[in-house]
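Protein chains in written order, with the numbering used here: chain A, 1 to 456; chain B, 1001 to 1096. Ideal Cβ positions, reconstructed from N, Cα and C, are used throughout, including at glycine. A short write-up of the structure that comes next.
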């Protein structure tokens, strides 16, 4: 029985009360920024009275705090949105609630989802579920940790360049970044609109499939959503799988390589063929990402002006000062770095050399992926070059922090579905994840493949 | 790394509507220089004749009827989010 199925069979109020107790008992991890206890209990009672039914009746869950949801503020882990009371709920949350799921709290993240360790949260970092001296990963660190600690059976995250997959890998859980456009982003704080996706953390690939099936689908409130395509499917046999050699170089931790090869053996035992393939352009993917994403960030975060909502600075003499001070006080350093890099690469004189060149390079990346997918069904490699790093280890050097995303950004830039699945632990007991990448719209096939390996 | 001057940082801060402290200016000058130095490696790639990829949905012109929809949000709901409001309007300091 999967974890979600187990919850459905039990009393909803008891599910919620116990989940909130586990959340409080584990508060030292700082995985949650708020609890939505009052609203959760009301909804649980409605489920128990039979007023709310569905495929997730009485199942508690957590959302990353960049999803607008009722019952607690939506802060995006920033001073800018501290105390912000959402006037609406994200489509993804609405769809889960319509099936009877109950949100019990909001998870910590890097402020505005900018980061790979949750150390950029304005309210302090989340600690790794397996070692409190290590980072949770990010930006969806809190969501990964509440899932790993079994506080709830699933948690929502957003993934722009690895923000679900990387923390899933660091905390030993399944993390799904779907095909771009699978799940509506309406009601989720925008970061980089050409790669932002909504996905989920679970303990196994069956529960992930159920949640994706519920969340996926076209939404008139998000014009980038694709026509409905997600459909749970049985595992295919005899798949052709490519192991990306560029992700298995000497720069990659030896234990991570070994865990990846062990997972490859499991795929082979299941009757799939695994061949080494090359994707030379991936060495440039991180450079593309750190031009394109800051450019979109600078545009998306222009809306935080201290006027209509969010933080407004005190004691300012005029409007220009109000903008400047409100934004300086409301954003963390990483937000400012990205906004300013974005302003730089979009400014006249630099636009062609940076932004346009990156978007052309992105075409080369998409082409290389397409070429491989002409011959292979799935690509595999480690999710991250190392297991979780230490708290504070990379905070002084933004580039070192960015390098933790080197394996995950390529699929984001190409809009491909990619999932991180647990693949063992290091000698020090830290989880290691491998990443399965498929063609657009092959999300259900990837999950079925992961399920077949879990069972073997 | 790419050399970024203090004036460059101030210009970027102005473009970005950010009033930075002196300490932040010095730190950001170094960080931005390093990041630009890293992303500069893209200049090695030959992209002659390659079209840029701005989006990856394959969707074109998603139309809808030109009908007003308030998405269930009223004027009061939105005004309640403003840091300061008066007489049904958002209040701001003097513009000039």
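Within 10 angstroms of the Cβ of residue i, are there 16 or more other Cβ atoms? Answer buried if so, exposed if not.
i	result
residue 348(A)	exposed
residue 244(A)	buried
residue 1073(B)	exposed
residue 1043(B)	exposed
residue 35(A)	buried
residue 1089(B)	exposed
residue 169(A)	buried
residue 128(A)	buried
residue 1046(B)	exposed
residue 1031(B)	buried
residue 303(A)	exposed
residue 384(A)	buried
residue 1071(B)	exposed
residue 1062(B)	exposed
residue 1048(B)	exposed
residue 80(A)	buried
residue 43(A)	buried
residue 267(A)	buried
How many Å lie between residue i and residue j at the Cα?
i	j	result
residue 289(A)	residue 231(A)	30 Å
residue 191(A)	residue 449(A)	30 Å
residue 435(A)	residue 319(A)	48 Å
residue 262(A)	residue 425(A)	11 Å
residue 310(A)	residue 422(A)	38 Å
residue 301(A)	residue 293(A)	12 Å
residue 96(A)	residue 46(A)	15 Å
residue 1006(B)	residue 393(A)	28 Å
residue 235(A)	residue 27(A)	39 Å
residue 11(A)	residue 211(A)	20 Å
residue 41(A)	residue 206(A)	27 Å
residue 1064(B)	residue 441(A)	24 Å
residue 93(A)	residue 1008(B)	43 Å
residue 68(A)	residue 88(A)	7 Å
residue 124(A)	residue 189(A)	20 Å
residue 187(A)	residue 91(A)	7 Å
residue 172(A)	residue 147(A)	9 Å
residue 71(A)	residue 202(A)	23 Å
residue 396(A)	residue 1041(B)	22 Å
residue 355(A)	residue 291(A)	6 Å
residue 1033(B)	residue 1087(B)	47 Å
residue 1054(B)	residue 447(A)	28 Å
Find the residues of chain A that neighbour residue i, judging by a C-beta separation of less than 8 Å, and give them in chain order.
i	result
residue 1136(B)	Here chain B covers residues 1001 to 1096 and nothing more, so residue 1136(B) does not appear.
residue 1032(B)	337, 340, 341, 344
residue 1051(B)	360, 363
Measure the CB-CB distance between residue i and residue j and report whether it falls below 7 Å.
i	j	result
residue 457(A)	residue 417(A)	Outside the displayed range of chain A (1 to 456) lies residue 457(A), so it cannot be described from this structure.
residue 1052(B)	residue 360(A)	yes
residue 364(A)	residue 437(A)	no
residue 312(A)	residue 326(A)	yes
residue 74(A)	residue 86(A)	yes
residue 56(A)	residue 105(A)	no
residue 166(A)	residue 199(A)	no
residue 64(A)	residue 143(A)	yes
residue 275(A)	residue 382(A)	no
residue 109(A)	residue 78(A)	no
residue 373(A)	residue 283(A)	no
residue 216(A)	residue 174(A)	no
Find the residues of chain B that neighbour residue i, judging by a C-beta separation of less than 8 Å, and give them in chain order.
i	result
residue 87(A)	1073, 1077, 1078, 1080, 1081
residue 298(A)	1016
residue 68(A)	Ordered by position in chain B, no residue passes the 8 Å Cβ test against residue 68(A), which lies about 11 Å from the chain.
residue 343(A)	1012, 1015, 1016
residue 398(A)	1031, 1034, 1035
residue 312(A)	1083, 1084
Starting from residue i, find everything on chain A with Cβ-Cβ shorter than 9 Å and list it in chain order.
i	result
residue 1094(B)	317, 318, 319
residue 1068(B)	Going along chain A, no residue has its Cβ under 9 Å from residue 1068(B), so there is no contact; the nearest lies around 14 Å.
Residues of chain B with CB under 7 Å from residue i, in chain order?
i	result
residue 407(A)	Those do not exist, as residue 407(A) stays about 17 Å from chain B at its closest Cβ, beyond 7 Å.
residue 164(A)	Going along chain B, no residue has its Cβ under 7 Å from residue 164(A), so there is no contact; the nearest lies around 18 Å.
At a CB-CB cut-off below 7 Å, which residues of chain A make contact with residue i?
i	result
residue 1055(B)	194
residue 1108(B)	The requested residue 1108(B) is not part of the displayed model; chain B covers only 1001 to 1096.
residue 1090(B)	307, 308
Which chain B residues sit within Cβ distance under 9 Å of residue i?
i	result
residue 366(A)	1053, 1056
residue 327(A)	1016, 1017, 1018, 1019
residue 288(A)	1039, 1042
Is there contact here, the segment 108-123 of chain A with the segment 399-407 of chain A, by at least three beta-carbon pairs under 8 Å?
yes
Taking beta-carbon pairs under 8 Å, can you tell me which members of the segment 245-256 of chain A lie near chain D?
The structure shown contains no chain D; its protein chains are A and B.
Does the pairing of the segment 100-113 of chain A with the segment 56-70 of chain A give three or more beta-carbon distances under 8 Å?
Judged by pairs of C-beta atoms under 8 Å, the segment 100-113 of chain A touches the segment 56-70 of chain A, as three or more such pairs exist.
Cβ contact (3+ pairs, closer than 8 Å) linking the segment 37-52 of chain A and the segment 160-173 of chain A
no
For the structure I just gave you, are there three or more beta carbon pairs, one from the segment 180-199 of chain A and one from the segment 221-231 of chain A, closer than 8 Å?
Yes, the segment 180-199 of chain A touches the segment 221-231 of chain A.
Contact the segment 1013-1027 of chain B vs the segment 332-343 of chain A: 3+ CB pairs below 8 Å
With a cut-off of 8 Å, the segment 332-343 of chain A and the segment 1013-1027 of chain B count as touching, because enough Cβ pairs lie within range.
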